[in-house]
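For the sequence shown, counting from 1, position 486 maps to 486 in the UniProt record's numbering; every step adds exactly one.
Using N, Cα and C, we set each Cβ at its ideal position, and we do this for glycine too.
If you're wondering where the values come from, they're calculated on a predicted model, not measured in any experiment.
Working notes, structure below.
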Amino acid sequence: MTDTDISRLTHSEAVRERDRLRTEARSILERAGSADLTGGDAERFDDLTGRAEECNARIQRLERAHELALTQIRSGGDGFATEGGSTGMHRIGEDPGPVHRSAYDAEDRPPADRQRDNAMRVLERSIKAGTMHERGAETIEKLITTGAPQSRSWTARWAAAAGDHNYLRAFAKKIANPEMGQTLWTAQEAQAWRTAAQVQAERAMNTVDVTGGFLIPASLDPAILLSSNGSTNPLRQMARVVQTAGDVWHGIASEGVVAEWLGEAEEAADASPELEQPAVPCYKGSAWVPFSVEIEGDGAGFVTEVGKLLMDSVEQLTAAAYTNGSGIGQPTGFVSALTAVPTHVLNGVGSEAVVAADPYALQSALPPRFQGTSAFAANLTTINVLRQAETTNGALKFPSLQDAVPMLCGKRIWEVSNMDTVNAAVTATNYPLVLGDWSQFLITDRVGSTVELVPHVFGPNRRPTGQRGFFCWFRTGSDVLVNNAFRVLKVTTTA
1 MTDTDISRLT HSEAVRERDR LRTEARSILE RAGSADLTGG DAERFDDLTG
51 RAEECNARIQ RLERAHELAL TQIRSGGDGF ATEGGSTGMH RIGEDPGPVH
101 RSAYDAEDRP PADRQRDNAM RVLERSIKAG TMHERGAETI EKLITTGAPQ
151 SRSWTARWAA AAGDHNYLRA FAKKIANPEM GQTLWTAQEA QAWRTAAQVQ
201 AERAMNTVDV TGGFLIPASL DPAILLSSNG STNPLRQMAR VVQTAGDVWH
251 GIASEGVVAE WLGEAEEAAD ASPELEQPAV PCYKGSAWVP FSVEIEGDGA
301 GFVTEVGKLL MDSVEQLTAA AYTNGSGIGQ PTGFVSALTA VPTHVLNGVG
351 SEAVVAADPY ALQSALPPRF QGTSAFAANL TTINVLRQAE TTNGALKFPS
401 LQDAVPMLCG KRIWEVSNMD TVNAAVTATN YPLVLGDWSQ FLITDRVGST
451 VELVPHVFGP NRRPTGQRGF FCWFRTGSDV LVNNAFRVLK VTTTA
């Protein structure tokens, strides 16, 4: 069967053809066993899987055409015609040309499976179109396939709605002209907007969001952007980062199970771990992006750039909170969480300064079970102080700090610019150096960010500036899961 033949299949024919192709492909794999496919089998397998994907694309196109036709029927619109066919089948006209669509059979897959399949097809198209990075799509796929059923269902519908290319085009037109952009929508774009609005309304009923607005396209969602192209915030590379569809992440943390040696027929001791159930809430953050009304002529171009603007502004806001956040109306920073436990704080060896003995003191104080995966974190100023530390003979005490990937006492050291520096001329309590297992520091991002458009921005004198506004709000949180996995250096200074 050729590609042209596939493009003429009805829905039921495309489903049967896809299943036939997959069956033949599976038989080739089973025949090969554990060996790699070679020669004609490899070529045939690639051909079968490629054509099965084409059938999937055909099935999706027919289903979308069917949904559009039903929408037009319900609204009393024109622009389509039906002509009788075989039982359970009709031909529905569309532009360009007619397509075939069969009624759903009784053997259709469960709704949850169809939701997941729809979302995965949208993600695949977004990757091929270059609007979403593969890592971002993998993040969404993980949310769709793990977690509570209600959360998986909402995430699948969110991904299909917010990731729809028709919604992205409608969003671009709305951005370019907040007041009249909707009059330029095609029927497909209008339907995509309504679908996204329904998903957003469901989120509002099940979370604390009551401020309205509309969904930002999935490819521009800060939670997805920050997991896609590699965040410039080192904490996102160091910490454990998870995405969630809810307002609070719930987990389990334990200091570990006690093991012991037993003699024959000897009763085992109680080795039950003391489990903690940490909860990390996601706090509301916002980003304000003003732009000129001239953007109306280049709405699509603006949408491609707004992701970079959002990512930079969110990075700057969250980097400070992940480090020193109070946990009141903002994420709990690791410094704030750790310094609240005095037993995890070590006084510096030097006098009002970071000295070469301090990293060794932290390393010696860290429990052995966290040593293997531990790493240091410090401000660049502190790192440079240690880089200049010399022996009495003028040799560098920490030569590996000069490497492209700096190491301190055999451990990686990360530059975290929001950490304290030590200034002996100021009276302060400083925490300039931290060592720990950073997998025990959690950053959580809630997917499904919201945006509101301000059609006219006013200046200090309450007159229009010729600008519009793009106001996005998102949710993120952070906290230390196991405080004992870290040690903090304390240096007190007196002016």
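Which listed residue (E305, Q330, K308 and L215) has its alpha carbon closest to that of residue 525: Outside the modelled stretch of the chain, which goes from 1 to 495, sits residue 525, for which no answer is possible.
What three-state label does DSSP hand G285 in the structure shown? strand
Looking at the structure shown, is Q243 part of a helix, part of a strand, or coil, going by DSSP? strand
Need the endpoints of the beta strand (DSSP E) that S336 sits in, please. Segment F334 to T339 is the alpha helix (DSSP H) holding S336; no beta strand (DSSP E) there.
Quick check: T421 and T493, are their CB atoms within less than 8 Å of each other? no
Take every Cβ of the segment 279-297, pair it with every Cβ of the segment 464-472, and state whether three or more of those distances are shorter than 8 Å. In the pairwise beta carbon analysis, the segment 279-297 is classified as touching the segment 464-472: at least three pairs are separated by under 8 Å.
Just the C-alpha distance for R135 and A159, rounded to the nearest angstrom, thanks. So the alpha carbons of these two residues sit roughly 14 Å apart.
Step through the CB atoms of chain B and report whether any lies within less than 8 Å of the CB of A137. No chain B is present in this structure, which holds just one protein chain.
Residue burial classification, K411 (beta-carbon count within 10 angstroms, cutoff 16): buried
Mind the definition here: the segment 262-271 touches the segment 475-494 only if three or more C-beta pairs lie below 8 Å; say whether that holds. When Cβ pairs closer than 8 Å are counted between the two stretches, the segment 262-271 is seen not to touch the segment 475-494, the count staying below three.
Does the distance from the C-beta atom of S153 to that of A112 stay below 8 Å? yes
L489 versus K128 - alpha carbon distance: 48 Å
Any chance the segment 23-43 sits against the segment 57-64, with 3 or more Cβ pairs inside 8 Å? no
Simplified DSSP state of Y104, which is helix, strand or coil: Only weak support exists for where Y104 lies, its pLDDT of 41 falling under 50; the value from the coordinates is given anyway. Reduced to three states, the DSSP call for Y104 is coil.
Beta-bridge partners of G50, as assigned by DSSP: According to DSSP, G50 bridges with nothing at all.
Check whether the Cβ of E63 sits closer than 7 Å to any heavy atom of the ligand FMN, and report yes or no. Absence of the ligand FMN is noted for the structure shown, with no ligands found whatsoever.
Over what stretch of residues does the beta strand (DSSP E) that includes W249 continue unbroken? V248 to H250
Is the distance from the Cβ of E415 to the Cβ of P217 below 8 Å? At the C-beta level, E415 and P217 stay beyond 8 Å of one another.
Spatial neighbours of S7 within its chain, please: C-beta separation below 7 Å, excluding the five flanking residues on both sides. Cβ neighbours of S7 within its own chain (closer than 7 Å, five residues either side excluded): R58.
Give the DSSP-derived three-state secondary structure of I413 in the structure shown. Strand.
Taking the beta carbon of F441 as the centre, do at least 16 other beta carbons fall within 10 Å, making it buried, or is it exposed? Buried.
Between which two residues does the alpha helix (DSSP H) containing I144 stretch? E134 to T145
Count the other C-beta atoms from every protein chain shown that fall within 10 angstroms of the C-beta of M180, then say buried if there are 16 or more, exposed otherwise. Exposed is the call here.
Thinking C-alpha only, which one of E266, I413 and N324 is nearest T340? Note on identity: in this sequence residue 340 is Ala, with Thr being the wrong assignment. Residue N324 is the option with its Cα nearest to A340.
If you draw a straight line from the alpha carbon of R20 to that of E141, how long is it in whole angstroms? 27 Å
For T195 versus A161, is the C-beta spacing smaller than 8 Å? yes
Inspect the beta-carbon positions of residue 546 and R468 and report whether they are closer than 8 Å. Outside the shown range of the chain, which is 1 to 495, sits residue 546, and nothing can be said about it.
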